[in-house]
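Working notes for the structure below.
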Amino acid sequence: MDTIREKIIQAVVAKLARVKTSAGYATGCGANVLRGVTRLAVAELPAFVVFPGAEQITRGGGVITALMELTVEGHVATAAGIDSSVLKEQIYGDTIRIMTDRKSIENTTGGLGEDVSHASGGGDGTVETDAASVGVSTVFTIKYKYRIGDPYSQ
Numbered sequence: 040m041d042t043i044r045e046k047i048i049q050a051v052v053a054k055l056a057r058v059k060t061s062a063g064y065a066t067g068c069g070a071n072v073l074r075g076v077t078r079l080a081v082a083e084l085p086a087f088v089v090f091p092g093a094e095q096i097t098r099g100g101g102v103i104t105a106l107m108e109l110t111v112e113g114h115v116a117t118a119a120g121i122d123s124s125v126l127k128e129q130i131y132g133d134t135i136r137i138m139t140d141r142k143s144i145e146n147t148t149g150g151l152g153e154d155v156s157h158a159s160g161g162g163d164g165t166v167e168t169d170a171a172s173v174g175v176s177t178v179f180t181i182k183y184k185y186r187i188g189d190p191y192s193q
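Anchor point for the sequence shown: position 36 equals 75 in our numbering, and the numbering is continuous, going up by one each time.
Given below as structure tokens:
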């Protein structure tokens, strides 16, 4: 049995898998969506890595309102003649677009969340000239509810 939080994370992973150039995105980071991986081989790229974070909670009316921090890292291999800073911005744009599309917030959270907001992120603009890949982190806040004492039910 999965908690409401876990179901939301699974929905995010499934939605990120849609990021493909054939679907109108600048990168193909959706080709490989992983959780909690800190090292990627170039052969695994392009990829997203999802890191669920801590929550802030409030109680009221028999429910917990949770604000879950979720970090999405996007990674792509570098290529000759392509500016690495541009690649970072493409990853950043794709990540924000897929996660915060207002027409499909319910889809982002599997119908279990109330809101997904972009909290922070972006590239730092620096890349080693001989780097095999570049990556960008984007942090989101996902608002959802569950019953007090029962994280499996809303």
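Glycine included, each C-beta is placed from N, C-alpha and C at the ideal position. Note that the structure is predicted; figures quoted are calculated from it, not measured.
Per DSSP, V51 lies in no beta strand (DSSP E) segment; the continuous alpha helix (DSSP H) that holds it begins and ends at I43 to L55.
In the three-state reduction of the DSSP assignment, R141 falls in the helix class. In the three-state scheme derived from DSSP, where H, G and I count as helix and E and B as strand, D133 is classed as helix. Boundaries of the beta strand (DSSP E) around E94: A86 to G99. Residue burial is scored here from C-beta neighbours: D133 has at least 16 other C-beta atoms within 10 angstroms and is therefore classed as buried.
The criterion of a C-beta distance shorter than 7 Å is not satisfied by Q129 and A171. DSSP lists V102 and D189 as the bridge partner or partners of R186.
In terms of CA proximity to T60, G69 leads the group V52, G69, A53 and K54. For the pair G160 and V178, the CB atoms are nearer than the 7 Å cut-off. P91 places its beta carbon 7 Å or farther from that of L73. A Cβ-Cβ separation of about 20 Å leaves H114 out of contact with A158 under the 8 Å criterion. In this structure, the beta-carbon distance from Y185 to I47 does not fall below 7 Å.
A check of alpha carbon separations from L55 across E153, G99 and T148 identifies T148 as the nearest. DSSP places R74 in the uninterrupted beta strand (DSSP E) bounded by V72 to R74.
In this structure, T117 is the residue among T117, S123 and Y131 with its C-alpha nearest to the C-alpha of A80.
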